[in-house]
Amino acid sequence: MGGSNPYLSQEAPKPAAQKFTITFMPMNVTVEVNPEKIPYGDDGLPGSILDIALAHGIDIDHSCGGVCACSTCHCIVKEGGQTLPEMSDAEADQLSNAPGLTPASRLSCQSVPDGTRNLVVVIPSWNRNAVREGH
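In this text, residue positions in the sequence shown follow the working numbering: the first is 81, and each later residue adds one.
Below, the structure written as structure tokens:
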């Protein structure tokens, strides 16, 4: 799917202006984010954790295509959460449906790091979809 949610009237946060890294756990894979390449794809906000993960082969389930219309891209930002914009009401509403919430939970499609610190992000086991049906 991808694109934007026509029912949300929010302005997308500006992506990072400097290079930073995100370490995805439990895979223990660290990727360098180059802001010159943002957006990497069409899913999630440009420069979001989802956008970055998918571009680097980290599979995060995202049933709605990354438009803040479900909670399947739930992640836990263990380090660097202060670099993310404040959670919108729409994100909070959707996130309330996700299993295993923590104070550091976010929707990866809506979480756009500003690049001032490196991040450590945990992808819960129920959000790692290693096998998908064909298109």
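For glycine and all other residues, C-beta sits at the position ideal for the given N, C-alpha and C. In this text, all values refer to a predicted model and were calculated from it rather than measured experimentally.
Can you give the Cα-Cα distance for residue i and residue j, rounded to whole angstroms?
i    : j    : result
G214 : Y120 : Note that G214 scores a pLDDT of 44, beneath 50, so its modelled location is shaky and nothing firm can be said.
D131 : G145 : 11 Å
C155 : P204 : 7 Å
L175 : A149 : 10 Å
K99  : A172 : 28 Å
R212 : H142 : Unreliable positioning characterises R212 in this predicted model, as indicated by a pLDDT of 47, which lies under 50. The coordinate reading is nonetheless provided below. Using only the alpha carbons, I get a separation of about 12 Å.
E159 : P106 : 14 Å
A170 : S151 : 11 Å
M81  : V147 : Legend: pLDDT at M81 = 43, less than 50; position of this residue unreliable, value from coordinates given subsequently. Distance between the alpha carbons of M81 and V147 is about 9 Å.
So residue i packs on residue j, CB below 8 Å; how close in whole Å?
i    : j    : result
S168 : I129 : That pair is no contact at about 15 Å.
A178 : G127 : About 22 Å; that fails the 8 Å criterion.
L164 : R186 : 6 Å
C153 : I140 : 5 Å
Can you check DSSP and say which residues form a bridge with residue i?
i    : result
M105 : V202
T69  : As shown, the chain starts at 81 and ends at 215. That puts residue 69 outside it, with no answer to give.
Where does the unbroken beta strand (DSSP E) through residue i begin, and where does it stop?
i    : result
L175 : Counting along the chain, L175 falls outside any beta strand (DSSP E), though it belongs to the alpha helix (DSSP H) covering 169-175.
L187 : 185-187
I156 : 154-159
So residue i is in the alpha helix (DSSP H); what residue range does that whole segment cover?
i    : result
I132 : 129-135
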